[in-house]
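Inspection log for the structure reproduced underneath, given as C-alpha cells.
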Amino acid sequence: MKKLFLCTCNGTLNKLLDFTKIGKEVKALYDVVEVVDNLCLEEGLTKLEKGLSEDDRLAIGACSSQIIGVPMKQRIKNDLVTFVPLREQVGWVHVEEKESATNKAIVLLSDASVQLDHMESPTEFTESVVDRVLVMGGGIAGLKAASDLHRLGVEVTLLEPSGQNNERYLQTSVFMSDTDTLINELQAIQKTLKKVERFEGTFGEVTGQTGSYDVTLNGVNGNEKIREYGAIIVASGNQQYLPRSAKKMRHGKSERVVTLDSLMSRLKKKRAKESSTILVAVDFDAPMFSVEGSHLLRSTRNLATRGYTIIVVHSDIRTEDENLYREARDSGVIFIRGKVTRIRENEKGLTCRIENTLESMEREVIADLVAIPQMVGPVNETALLADKLGVDCDNNGFIRTRYSKMKPVQTSRRGIFVAGGAKMPMSLSDAMASAQNAVLEAFKVVRSPLTRSGWIPVIDDEQCDVCKACLEACPNDALRLMDDRIVHVPAHCEFCGICVSACPTRAIEFQSHRKESWFARFEAVATTHRRLEGKKPFSFVFACSECANASIDQAGFAGKQYGTGSYVIQFPCAGMVSPIEILKGLVVGAEHVIVAHCPPGGCHHQTGDHLSELVVSFTRDMLREIGQDPERVQATYMIAAMPEKMQKEVPVRG
Amino acid sequence: MGDTVVVVGAGLAGIQVSHQLADLGLKVHLVEKEATVGGLSAHLGKVFPTDDCALCLDACEELFSGHHRRCQYRSLLGNQKKLNLHTLTEIKSIKQDGGRFSVSLKTTPRYVMLDRCVVCLECINVCDVEVPDEMNLGRVMRKAIYRSIPQGVPLAPVIDMNSCTKCTKCVDVCKVGAIDLEQRSKTRTIKADAVVLATGVEERSPSILPGYAYGLCKDVLTQRELARLLDSTGATNGKVLTASGKQVESVTMILCAGSRDLNAIDYCSQACCTYSLKHAIMLREQGVGVTICYMDLRVPLHSHSFLERARESDVTFVRGKPDHVIVHEGSPVTIVEDTEALKRLEIESDLVVLASPLVPHAAEKEVFNSFLGDYGFAARHDAPKGIYACGTATGPTDIPASVAEANAVALEVYMALKGGA
Amino acid sequence: MNIDSLNTSRFLRNDFKPRLARCELIAVTPTSISSDLEFRNWILKQPEGETLLRCYQCGRCTSACPIAEIDHSFNPRLFLEKVILADESLAENQLIWTCLTCEQCEVRCPEHVKIPQILILAKVRGLVSGNTPETALDRARSILSQGRTIQVSEPMLKTRDKMGLPSLGNPPVKQLAKALKELGLAEKLENIKSIYGGDGDE
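Residue numbers (my numbering), protein chains in the order written: chain A, 1 to 654; chain B, 1001 to 1421; chain C, 2001 to 2202.
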C-alpha cells in the first residue's frame, strides 16, 4: 500500500499551508493519507509505526529528510520511503503565499507518489575483506604506519626500496625536526618493527578493490610474489630538490656553492676557525613550506652559534615556530629580505650582489661559501607509483587527497591511503599524525566485512557498446571492464549516478532513478502544476542531495523567501543529470531548469560539480543551435553557508 | 580497560575525534559549553582551503552510504548511539583516580527540552523581547529565545535568561511542552578512561592592544567580526557595511595585530594570513578595495591559491607593521611604513580589520591549567597525566591540520584503551 | 650518498607565479658589506646593543616615530637595517641626530629592540670621528657655560611658576666646568668644529 503521512509540526505548518486542500487533492494518489501533529516525537512515531506494515510504500510530508529521517530510521524498517520537505522547502520559504504554497505542496506530493511507484529496494552487499595491509614505505611515516598497524594486531608488509637504513631515513627526513628528536623517534619505532614483515623492492601490478587488492611484489633479488591486501598505505616519503635559481647561484660551477644540508654535514660539529662568511640564498621565486622554513632557521642558527657569519637572503619567512626565527636572529644570523642577483667568483671568495628590498638598494658581500636551501618534494618515483596504483597526483607530483579539508589521507581510490611526505612535506609531528590517520582508515577497512546498501547502476549489456565512457567518468573506479563487459564494483560505488549521464547510449540506468521514472515525475509535476496554477510559469531545480539540498534546506531555516513555482527535484549527485533530463524538463513546460551542484572542486563524489557544468553548457549549445533561449538552462553551485543562493538563482517569475 | 572517553569541546576537532572514537566502538561524551556545536568554525561561514562551508563535517561510519562528509545539521550528532552530546555544559573538575578519570560536568539550562522540541520556531516568533545579537556584532536584534546560527546543532532554540521576562508566551505556544522556564542546572560525574581536550582557540580581544583604535572606532573590527559581516546568513546578508550602515568601499587589514609581538602574543597564529586572504578575495568580489599590511605571508602550500588569487584580484600588499590607527572624521586611518618603498603611509579606509592572534580557550579555566603547557596550549598526548589533546587546543592551526590531529588522537586513544601491545 | 646528486629539475613547484621584487633601486653601484661587520659587532658589544639582533624589520618604529611623521627621510627602521648590515655611513649621517629620544619606537617595538639606545651608540661612533652637528656641539658648550643643554629664559620660568612647577634651582656650573676641564673635554669642545659645518639641522 502507498501511504502518506503529513506532519503539522506542532500545529504551525497547517497555518502556512492549507492541509484540508492538500488532503483532498492527494487523496486519490495514496491509499492512506494521515495527518499527524508531531511526527518526530514519540507520539508521532508511535502513530507512524502502528499505521504501517513492512512492505508499505511511504511518503512523508514534514520537515527535511535530514531531520525527520533520523528518528524514523530507528523505528521503521521500510525501504521504500520518500520525503517531501514541506517545512523547509515550502512552508517556511513562501510565508506570504499560502495558496500558492499549498499548491506547490500538492505538486510535490504528486511527484512523490509517482516516485514511490518507480522506487526499487536498495541493493545490499556484504564482501569479505583481507585483514592485511601493505605499507609502501621509504620514510619515517611508513615506519610509523607499519608499527601502529602491527600493534593493532593487523598483519603488515612494509615494502621499501632497497638499502633503507637509519642513516638514509635521517638523511631524507632531515628537514622534519632537529636531529636528536629524529634519531630518538626512529630508534623507538624501529624497535617495534622487529616482527613486521619487511620486503625490499618494488611492486608490479595492482588489481582488485578495497578490502582485497592483489599486489605483485618484486624483490631486489628477483623474487616475485603476489599477495592480497585489504588496504594499501602509500608513504613513499620525500626527496630534496635544488631550486630553479641554483644554477644562477653557480651551483655545480663553483665548489664554494653547495646545498645547505651538505654544508651542514660537511661542517658537522666543527667551530668556525675565523669568521668565515656563509651566504644562504633562498630561491626568491619559490614560496617555501613552513617545514622548509623551520629547517632553514634551525640550520642557520646552528651555524651561527658555532661562530660562522651567516647572511640569509630570503623572501617571506615561513615557520610553524616563531621562536625558531627569534632564536636564529638571537644567535646572530643576518636576514636580508631580497634576492641574490649575481655571484662572481675570484680568489677572495664569492662576490654576491644582493637586491635588498628593505633598503631599496643593492649590496655586495664577499662570502666564503654560498649555501642553497633545497626544496622538499615527493620522491622521484611517486608519479610512477601513483600511476600503478591508479591514484591522482597534484601539479607538484604529490599524491592528491580526495578532499583537502577533511580527508587527510584518502586518495582518489578507495582503500588506498597516503601518509606523510608523499602528500606534502611535513614536520615530524605532522608526519606521525598523518601516518596514524592512514592507519586509522586502513584499520577501519580491514577490521570488518564491507557492507553496503544503496541504489546501484544497472548495465544493460544489449544496449552497451563498450565505449568505456562510463569507466572514465566514474570517479571511484566502481566500473570496470571484464571479459568485454562493463561490470559494477559495489565496494567502490558511491551511488552517485555519474556513470548514467556519461553513457551515450543510456545503457546504464540507476535503480529507482531510471529515465522513465524521471519522465513520469516531471510530467506529474507539470500536469498538477497546470491544473492548480494554470498558466503561471514554473521551473525545475535539479539539486544534488549534498550541498545543494543542504543549501535549500538552510534557505528555509534562514527564512529566505523565493518564488513558489520552483520545484526542487533531488538527484543523488548533480553529475547524474544528463541533457535528457534537462530537455525533458523543458519539454513538459518548465520555463527554466537549474542544475544545482556542490561548490567548484567540492563535489562529494569528486567530479559532479564539473560534469554538471559541462552537461549544462552542452545543453545550452544545443538549445542555441535549435533557436531556443539557452538562458533557460543554468548551472550553479549551492552551499549551506550561502542559503541565499536559492533566492538569488531561481528566476523570480518561476 | 574500559571504553568511555570524554571529549571537551565540540568544535571541528572535537566532533571529528568523537566521530572516529564512536566508529571504533568506544563510548563518547562530547561536552560543549555553548548551546550549539561548531566552535570557532560556526562564526566563519566559508572556509579555506576548499572555499566551502565551515560547518562541513567528515561523515561518520554510521552515516556512510556513499557519503564522505555531511553538513553539520545533517550529521546525526545528537542521535548517535555511541556518542552523547552535552551542550551548555562545562567541566567543573577532572580528577585522576588510578588509570581512570572522574569528570564532573555542570549543565546550565537551555530551558528547551531537546527530546521534545520539534523546531517549529513558533516560540521565537511570539517572543517580544529583543536584544542586540552578539553573533552579528550587536548590529541587529535577536529574541530572548533564539538560535544563534541557522545551521547550529542541536537545532532547538535556547533561552537567554538574562533578557527573558518570563512572560510565558513561548510556553503557551509550545503545544508539545518543550519549554520549561524553571529548568535547573544539573551536575553529573562521568567515569572516563580517557579525556581528550579539544577546547580550541578564540580571537584575542584587541581592546587590550594599544594603538589600533579597537573599541574607540566602531569601524575597526577583527577578522572574525568581518567574517560575520561577510557571512550571507549574517545580519547584513553578506554585505559589508560600516557601523553607520554605509557600504564599505575600502578595507585595510592589519596582520599580526598583536601576534609575533613580545608585548602581546609572541607566537604566530598560523591561520590568520590565510583567512585574511580569503576575506580579501571575498571583499574584492564585492568590488571593495583591500590593502593588506603584513610582515611575512605565512600561507600553507595547500592554501597558496588564495595568495595567488588575492594578487590577481588587485589586493594591495604593504610590507610593514602598522603602529597605530587614528580616527579622522569618523574613519580609521592606518599609519604604516611600506618597508619596501621606504615610505610612511597614512591609509584612509572605511574599515580596518585586525588579524588578532588566536589564544587557547582552555587557558581561561582553572580546571585545565594543570594539563596545559606553554602559552596555555596542551600537548597532543601528555603521557604522565593521561590526557590527550587535539585541534587548536595544541596550538593554532587550520582546519585540515586540526582534522588530521583529531584522527591521530582518536587512534592513540583507541590503542591505549583497546589494544595495541 | 651526497644529497646534491639528487638534483633534478622535474620538481619545480609549478603552481606558483614568481613574485617580482618591488625594489626601486636608489643607487646604481652596489654598496659593499664589510666582511668583518665591525660596526655591527661593536654595537652588539655595547650595553643593550645586543637587542639589535632581535629586529625583524617590521617598520613599526618608523610608523610610530613623531620625527618620521614630519621628516620622511628619518626612518629608524632603515637605520637599524644599516646597523645590522654594519654600514657605518649611518654614523656619519647627520640625520640620526634628529632623534628626540622620545622612546615611542622602543615602547612599540614588538621585539624589544632598544632603538634609541642603538641610535645613541651610532652617534657615539660618529662623535669619535667628529661627525657631530654644530647644534649638538652648541648644546655641549651650553653645559659648560650654564650647566644645561637648553637655555632657560625668563618667560619659561614665569610659565613654570604659573603651572605650579617646582623651582629649577641653579645647576652646579662651576663644578661641571671644573670636571669637564679636568677631563680635557672643555678644551676639546672649544676647538672642535662640526664636519657638517653651519647650524646643523635645527
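Using N, Cα and C, we set each Cβ at its ideal position, and we do this for glycine too.
Remember, it's a predicted structure, so these values are computed and weren't measured experimentally.
Identification of residues in the region 2086 to 2097 of chain C having a C-beta nearer than 8 angstroms to some C-beta of chain B yields an empty set. Taking a Cβ-Cβ cut-off of 7 angstroms, the neighbours of residue 2035(C) in chain A comprise 277 and 366, given in sequence order. Across the structure, residue 367(A) and residue 1274(B) are spaced so that their CA atoms are roughly 36 angstroms apart. Residue 592(A) is positioned such that its CB atom lies no closer than 8 angstroms to that of residue 630(A). Under the three-state reduction of DSSP, residue 1257(B) is assigned to coil, being neither helix nor strand. For the region 317 to 331 of chain A, the set of residues with a beta-carbon nearer than 9 angstroms to any beta-carbon of chain B comprises 317, 318, 319, 320, 321, 322, 323, 325 and 326, in chain order.
In the DSSP assignment, residue 1283(B) falls within the alpha helix (DSSP H) that extends over 1272 to 1285.
From the beta-carbon of residue 644(A), the residues of chain B found nearer than 9 angstroms are 1232, 1233, 1237 and 1238. Under DSSP, no beta-bridge partner is assigned to residue 1408(B). Here the alpha carbon of residue 230(A) sits roughly 6 angstroms from the alpha carbon of residue 210(A). In this structure, DSSP gives residue 1101(B) an extended state, which the three-state scheme calls strand. Contact between residue 1360(B) and residue 1199(B) holds, since their C-beta atoms are separated by about 7 angstroms, short of 8 angstroms.
Within chain B, the residues 1342 have their CB atoms less than 8 angstroms from the CB of residue 2078(C), given in chain order. In the DSSP assignment, residue 14(A) falls within the unbroken alpha helix (DSSP H) covering 13 to 16. For residue 309(A), a Cβ of chain C is located within less than 8 angstroms of the residue's own Cβ. Here the region 504 to 524 of chain A does not lie against the region 631 to 641 of chain A, with fewer than 3 beta-carbon pairs under 8 angstroms apart.
Nearest Cα to residue 220(A) within the set 599(A), 203(A) and 79(A): 203(A). Annotation: residue 403(A) to residue 30(A) spans about 43 angstroms, alpha carbon to alpha carbon. The Cβ-Cβ distance between residue 1357(B) and residue 1259(B) falls below 8 angstroms. Listed in chain order, the non-local C-beta contacts of residue 100(A) below 6 angstroms within the same chain comprise 564, local neighbours out to five positions each way being set aside.
Annotated as distal: residue 301(A) and residue 322(A), with beta-carbon spacing of 8 angstroms or more. By the beta-carbon neighbour count (other beta carbons within 10 angstroms, threshold 16), residue 315(A) is buried. The beta strand (DSSP E) runs lying completely inside the region 556 to 585 of chain A and spanning 3 residues or more are 566 to 571, given in chain order. Residue state for residue 479(A) is assigned as strand, using DSSP reduced to three classes.
Here residue 2162(C) carries a helix assignment [DSSP, helix/strand/coil]. Contact annotation: the region 571 to 581 of chain A does not touch the region 105 to 113 of chain A, with fewer than three C-beta pairs closer than 8 angstroms. In summary, residue 2158(C) is exposed, with fewer than 16 beta-carbon neighbours lying within 10 Å of its beta-carbon over all protein chains present. With a cutoff of 8 angstroms on beta-carbon distance, residue 1040(B) and residue 1014(B) are scored as not near each other. In terms of Cβ geometry, residue 2097(C) and residue 2064(C) do not form a close pair [threshold 8 angstroms]. Annotation note: the region 348 to 393 of chain A contains the following uninterrupted alpha helix (DSSP H) runs of length 4 or greater, listed N- to C-terminal: 382 to 389. Taking 4 residues as the minimum length, the alpha helix (DSSP H) runs contained wholly in the region 1009 to 1084 of chain B are 1012 to 1023, in order along the chain. Taking a Cβ-Cβ cut-off of 9 angstroms, residue 1105(B) has no neighbours in chain A, whose nearest Cβ is about 25 angstroms from it. For residue 107(A), the uninterrupted alpha helix (DSSP H) run begins and ends at 98 to 118, by DSSP. Here residue 175(A) is not bridged, per DSSP, to any residue. Between residue 361(A) and chain C, the shortest Cβ-Cβ separation is below 8 angstroms.
Non-local beta-carbon contacts of residue 1242(B) in its own chain, meaning distances under 7 angstroms to residues more than five positions away in sequence, involve 1219, 1248, 1350 and 1351 in chain order.
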